[in-house]
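Notes follow once the structure below has been shown.
Numbering (the UniProt record's numbering), first residue to last: 1 to 194.
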């Protein structure tokens, strides 16, 4: 997934996915993750790049209108109109800023969480409380979870993806490089090559 996000972010001009989550991922017959659902994806414009939008993603949207749709099957609430899903949405999106590369990195961290914890972000709290938790920075402490003790490097990477300051999040390239390093140092180098 990190390799796919890196690919999107390295295009000229860069592309952000805008709704990255496990539901929008498939696994190929070669056991490779494939990113799907590009309905929210957008190329950054020359103006976005001039304004630093590729770095911060902090460009307030005018006339922000949200249409809420609930999916009983996935137990998620999608805020349409801005085309992102609440539980994977970066704090800057919840504050009304436009999506960008850094909001993809936030969501990439949650995809890693989903894979490792086998649950969606904020599984045990209501959608309304998710917004408050994210804006306050009240995120799960994955390093305290006994299932994560053996993979502290991954915990550290996920925590950096969830930095409340988008400019402090790693790039997609840095995420992919760290994951490759982890895989090669745990004997899982075949995963790193995929």
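Note that CB positions come from ideal geometry on N, CA and C, so glycine has one too.
With distances taken from CA atoms, which of the options is nearest residue i?
i, options, result
"residue 151", "133, 112, 1", "112"
"residue 6", "25, 141, 105", "105"
"residue 35", "137, 107, 123, 157", "107"
"residue 137", "171, 166, 98", "166"
"residue 110", "100, 126, 86", "86"
"residue 49", "33, 23, 9, 139", "9"
"residue 119", "99, 140, 135", "140"
"residue 2", "179, 98, 122", "179"
"residue 115", "11, 126, 33, 4", "33"
"residue 23", "99, 121, 158, 90", "121"
"residue 90", "19, 123, 126", "19"
Are the beta-carbon atoms of residue i and residue j separated by less than 7 angstroms?
i, j, result
"residue 47", "residue 88", "no"
"residue 117", "residue 153", "no"
"residue 135", "residue 155", "no"
Is residue i near the ligand FAD, judged by its Cβ being under 6 angstroms from some heavy atom?
i, result
"residue 40", "In the structure shown, the ligand FAD is absent, as is every other ligand, since no ligand is present at all."
Once you ignore the five residues that flank residue i on each side, which residues in its own chain have a CB closer than 6 angstroms to its CB?
i, result
"residue 169", "102, 105, 161, 163"
"residue 157", "178"
CB-CB under 7 angstroms to residue i, same chain, minus the five flanking residues each way: which ones, in chain order?
i, result
"residue 4", "33, 35"
"residue 63", "Here residue 63 scores only 39 on pLDDT, less than 50, and its place in the model is too uncertain to base an answer on."
"residue 11", "none"
Using a Cβ-Cβ cutoff of less than 8 angstroms, which residues in the same chain neighbour residue i once the five nearest sequence positions on both sides are dropped?
i, result
"residue 38", "17"
Please confirm if the stretch 34-51 is in contact with the stretch 7-23, defined as three or more CB-CB distances below 8 angstroms between the two stretches.
The stretch 34-51 is in contact with the stretch 7-23.
Can we say the stretch 168-175 touches the stretch 127-138, given the rule of at least three CB pairs closer than 8 angstroms?
At 8 angstroms Cβ cutoff, the stretches do not touch.
Given 8 angstroms, three or more beta-carbon pairs between the stretch 90-97 and the stretch 28-39
Counting Cβ pairs under 8 angstroms, fewer than three are found: no touch.
Ordered list of beta strand (DSSP E) runs contained in the stretch 1-31, each at least 3 residues:
Runs of beta strand (DSSP E) with 3 or more residues, each lying fully within the stretch 1-31, are found at 25-27, listed in chain order.
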